[in-house]
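S.K.: Numbering (our numbering), first residue to last: 1 to 138.
Got a structure for you, questions after.
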Amino acid sequence: HYLSNFVSLIGFDFYFNSESEIEIYAEVAEKDFFKPETQNLVWRNFPQSALAPLPASDLFFTGLSKANNSPVLYYHLKDRQSLSNYFRLNDTAQRVHNFYQYREILPQMWVGTAQKELEKTRIDNIRLYYYKSFVADK
Numbered sequence: 001h002y003l004s005n006f007v008s009l010i011g012f013d014f015y016f017n018s019e020s021e022i023e024i025y026a027e028v029a030e031k032d033f034f035k036p037e038t039q040n041l042v043w044r045n046f047p048q049s050a051l052a053p054l055p056a057s058d059l060f061f062t063g064l065s066k067a068n069n070s071p072v073l074y075y076h077l078k079d080r081q082s083l084s085n086y087f088r089l090n091d092t093a094q095r096v097h098n099f100y101q102y103r104e105i106l107p108q109m110w111v112g113t114a115q116k117e118l119e120k121t122r123i124d125n126i127r128l129y130y131y132k133s134f135v136a137d138k
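Structure representation (structure tokens):
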């Protein structure tokens with residue numbers, strides 16, 4: 001499999017109904033984005049819509065599972081301000097993102113969505129992860 005050298009995380013999901021799922025996560029760090037082996041083994045397997053957010057990212061994960069119809073892609077954005085430049089958010093996600101712009105959070109964030117969502121004119125299903133900034137009182 002083309003991602004085997006990049007797998008860094010394996011997830012096991014267990015449900016109350018006794019079902020389970022396994023998901024593997026392949027990781028590519030920014031320092032490896034333009035290496036020939038990454039270009040040849042990873043990026044050529046993704047459409048341009050999945051590669052577009054890479055300039056704003058310093059880490060990329062893809063989650064693969066039989067439970068997912070489409071690979072789930074995760075981007076660690078260096079600056080949450082770039083979210084709207086690369087992702088066509090639905091109204092609810094845009095409202096959430098606007099809310100967090102003025103909170104005490106770190107500038108980086110994670111974005112996750114199915115690859116097929118990136119190919120649409122607007123992303124209906126998206127995961128937004130923000131880092132809380134914890135500052136110790138003096």
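The beta-carbon is built from N, C-alpha and C at its ideal position, and this holds for glycine as well.
Could you name the residues of the same chain whose beta carbon sits closer than 6 Å to that of tyrosine 15, not counting the 5 residues immediately before and after it, in chain order?
M.R.: Cβ within range, chain order: n/a, list empty.
S.K.: Just to confirm, are valine 28 and phenylalanine 6 a CB contact at a threshold of 8 Å?
M.R.: Against a cut-off of 8 Å, the Cβ pair of phenylalanine 6 and valine 28 comes out as a contact.
S.K.: In angstroms, rounded to a whole number, what distance separates the CA positions of aspartate 91 and glutamate 119?
M.R.: Taking the straight line from one Cα to the other gives about 18 Å.
S.K.: At 4 residues or longer, what runs of the alpha helix (DSSP H) sit wholly inside the segment 4 to 77?
M.R.: 36 to 41, 48 to 51, all fully within the segment 4 to 77.
S.K.: Any idea if glutamate 117 is buried or exposed, counting beta-carbon neighbours within 10 angstroms, 16 or more meaning buried?
M.R.: Classification of glutamate 117: buried, given that the 10 Å Cβ count is 16 or more.
S.K.: Kindly indicate which three-state DSSP category lysine 120 falls into: helix, strand or coil?
M.R.: Note: lysine 120 maps to coil in three-state DSSP.
S.K.: Just to check my reading of the structure: leucine 9 and phenylalanine 33 have Cβ atoms closer than 8 Å, yes? What is that Cβ distance to the nearest angstrom?
M.R.: Not really, about 19 Å apart at Cβ, beyond 8 Å.
S.K.: Count the other CB atoms, across all protein chains shown, that sit within 10 Å of the CB of leucine 106; report buried if there are 16 or more and exposed otherwise.
M.R.: By the 10 Å Cβ count, leucine 106 comes out exposed.
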